[in-house]
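Trainee: If you count by this note's numbering, then the sequence shown holds residues 18 to 303, one letter each, in order. Ideal Cβ placement from N, Cα and C applies to all residues, glycine included.
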Amino acid sequence: MISDLLNKTKTTISFEVSPPKTEDEFQAMFGKLDTFATLHPDFISCTYGAGGSKAGKTVEIASYIQHKLQIDAIAHMTCVGFKQADLQKNCELLEKEGIRYVMALRGDRPQYMSDEQFNGREFFYASDMIRYLKADTSLQIAGACYPEKHYEAESFESDLLHLKEKVEAGASFLITQLFFDNELFYRFKERAAACGITVPICAGIMPITSAKQIGTSVTLSGSSVPKSMADLIANYGENPDEMRKAGIDFAIRQILDLKEHGVDGIHIYTMNRPKTTAQIVAQITQ
Ligand code: FAD
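1) Return helix, strand or coil for Leu237, following the three-state DSSP convention.
2) Kindly give me the distance between the Cβ atoms of Lys74 and Pro36, rounded to whole angstroms, as I take these residues to be in contact under 8 Å.
3) Please state whether DSSP places Phe141 in a helix, a strand or coil.
4) So is the beta-carbon of Asp125 under 6 Å away from any non-hydrogen atom of the ligand FAD?
5) Tell whether a beta-carbon distance below 7 Å holds between Ala188 and Ile147.
6) Curious, which full-length alpha helix (DSSP H) runs of at least 4 residues does the segment 131 to 210 contain?
7) Compare the C-alpha of Gly239 against each of Lys106, Glu139, Phe196 and name the closest.
8) Any heavy atom of the ligand FAD closer than 6 Å to the Cβ of Leu156?
9) On the CB-based measure, 16 or more other CB atoms within 10 Å of its CB, does Asn252 come out buried or exposed?
10) Less than 6 Å between the CB of Tyr118 and some heavy atom of the ligand FAD, yes or no?
11) Out of Gly66, Asn199, Leu191, Lys229, which one is the CA nearest neighbour of Gln128?
12) Please classify Tyr81 as buried or exposed, where buried requires at least 16 neighbouring CB atoms within 10 angstroms.
13) If I measure Cβ to Cβ from His278 and keep anything under 7 Å in the same chain, skipping five residues before and after, which residues do I get?
14) Could you name the residues that DSSP lists as bridge partners for Leu122?
15) Between the C-alpha atoms of Phe99 and Glu139, what's the straight-line distance to the nearest angstrom?
16) Can you give me the Cβ contacts of Met46 inside the same chain, cut-off strictly under 8 Å, excluding the 5 residues immediately before and after it?
17) Is the separation between the beta-carbon of Ala121 and that of Ala90 shorter than 7 Å?
18) Give the straight-line distance between the Cα atoms of Val76 and Ala92, rounded to the nearest whole angstrom.
19) Below 6 Å CB to CB, which residues in the same chain sit around Ile225 once its five sequence neighbours on both sides are set aside?
20) Tell me whether Asp132, by its Cβ, gets closer than 6 Å to a heavy atom of the ligand FAD.
21) Straight-line CA distance for Leu50 to Glu42?
22) Report buried or exposed for Thr95, applying the criterion of at least 16 other Cβ atoms within 10 angstroms of its Cβ.
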């Protein structure tokens, strides 16, 4: 069980991958997964495309991770992407494929979706989906959390209370949004514990290897960019090789500090890049 592993003294190392967009990239993904496996992660999670068209791809990748690589796989699912009937079918497929873990998320509104469609979703919040999964399946459930609060939340406190609802509904461990300032994570963990959230929390770490990632992935995540990261971009952003090295080094330092502080797990947002991930893993598992 992943949650048992996370409860041990050792910090788990896990990866997030995503189904690529084109068929060629999708086929190439299996070779990348083979390389990820050589890094011996404790588990690998596979995201679910915002629009929902890639549900089958998420299951296919998760199934490869689980069966071919013999590594525990987590398949992501979103309230935005699934009506109840489709969710049930997807869960049956997951259980048939021997996948025991899901990440239950609300999802964001895809560009093509109207407000009416978005607000008319059958599962409104992640906790609604988690309650359903807990009652109707034997899947183990993970949830998302936000050290800097979710971008829509009225306040940090209200976000924590809703996070607590998510855990009470059945999320047995949590994975954070990416962050660059560990102090924010330590404060978040303290406040979560004070509010009665005691399940393991994996820290989500994204290595920034090019300046443009700040304008894409990071902006979308709603996470803040501290001065240390802004300085790094200012110093190395124009030089791709130096930027890559500095970004990897930043992630390694961040992870080593988290490990020293006894974090339950490190979840690397790999962006499907085995080479970068390998360079980080080599420095954090000695
Ligand atoms: P929720 O937990 O439902 O929370 C959403 C907002 O609603 C928060 O502001 C919360 O405070 C508020 N809220 C919750 N419950 C209530 C309530 N009862 N009443 C009022 N307000 C409430 N997106 C994808 O599309 N695919 C993925 O694969 C994916 N993977 C992710 C993995 C991780 C680790 C993380 C951190 C995010 C991921 N996302 C993914 C993005 C995620 O879908 C978005 O961040 C989304 O905006 C929120 O999802 P959630 O599950 O945290 O939502």
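Mentor: With the structure as the only source:
1) Residue 237 sits at position 220 when you count from the first residue of the sequence shown. DSSP places Leu237 in the helix class (H, G or I) of the three-state scheme.
2) Residue 74 sits at position 57 when you count from the first residue of the sequence shown. Residue 36 sits at position 19 when you count from the first residue of the sequence shown. Indeed they touch by this definition, with Cβ atoms about 4 Å apart.
3) Mapped onto the sequence shown, residue 141 falls at position 124. Collapsing the DSSP output to three states places Phe141 in coil.
4) Translated into positions along the sequence shown, residue 125 becomes position 108. Yes - the ligand FAD has a heavy atom lying nearer than 6 Å to the Cβ of Asp125.
5) To locate residue 188, count along the sequence shown from 1; it is residue 171. To locate residue 147, count along the sequence shown from 1; it is residue 130. Taking 7 Å as the Cβ cut-off, Ala188 and Ile147 qualify as a contacting pair.
6) 132 to 136, 143 to 153, 173 to 186
7) Residue numbering aside, residue 239 sits at position 222 when the sequence shown is read from its first letter. It is Phe196 whose Cα lies nearest to the Cα of Gly239.
8) Position 139 of the sequence shown, counting from 1, holds the residue named residue 156. Flag unset: Cβ of Leu156 not near the ligand FAD.
9) Here residue 252 refers to the residue found at position 235 of the sequence shown. When all chains shown are included, Asn252 counts as exposed.
10) Position 101 of the sequence shown, counted from the first residue, corresponds to residue 118. No, Cβ of Tyr118 sits at least 6 Å from all heavy atoms of the ligand FAD.
11) Numbered from 1 along the sequence shown, position 111 holds the residue referred to as residue 128. Of the listed residues, the one whose Cα sits closest to Gln128 is Gly66.
12) Along the sequence shown, one-based indexing puts residue 81 at 64. Flag for Tyr81 reads buried.
13) Within the sequence shown, the letter at position 261 stands for residue 278. Excluding sequence neighbours, His278 sits near Tyr203.
14) In the sequence shown, counting from the first residue as 1, residue 122 sits at position 105. Thr95, per the DSSP bridge assignment.
15) Taking the sequence shown and counting its residues from 1, one reaches residue 99 at position 82. Taking the sequence shown and counting its residues from 1, one reaches residue 139 at position 122. Straight-line Cα distance between these residues: approximately 8 Å.
16) On the sequence shown, position 29 is the one that residue 46 refers to. Val34, Pro36, Pro37, Ile78, Asn289.
17) Numbered from 1 along the sequence shown, position 104 holds the residue referred to as residue 121. Numbered from 1 along the sequence shown, position 73 holds the residue referred to as residue 90. With a cutoff of 7 Å on beta-carbon distance, Ala121 and Ala90 are scored as not near each other.
18) Taking the sequence shown and counting its residues from 1, the one referred to as residue 76 is at position 59. Taking the sequence shown and counting its residues from 1, the one referred to as residue 92 is at position 75. Looking at the two C-alpha atoms, the distance is approximately 7 Å.
19) The residue given as residue 225 occupies position 208 in the sequence shown. Gly264.
20) Residue mapping note: residue 132 aligns to position 115 of the sequence shown, counting from 1. Flag unset: Cβ of Asp132 not near the ligand FAD.
21) For the purposes of this step, residue 50 is identified with residue 33 of the sequence shown, where counting begins at 1. For the purposes of this step, residue 42 is identified with residue 25 of the sequence shown, where counting begins at 1. Those two C-alpha atoms are separated by around 12 Å.
22) As a first step, residue 95 must be located in the sequence shown, where it is residue number 78. Looking at its Cβ environment, which holds 16 or more other Cβ atoms inside 10 Å, Thr95 is buried.
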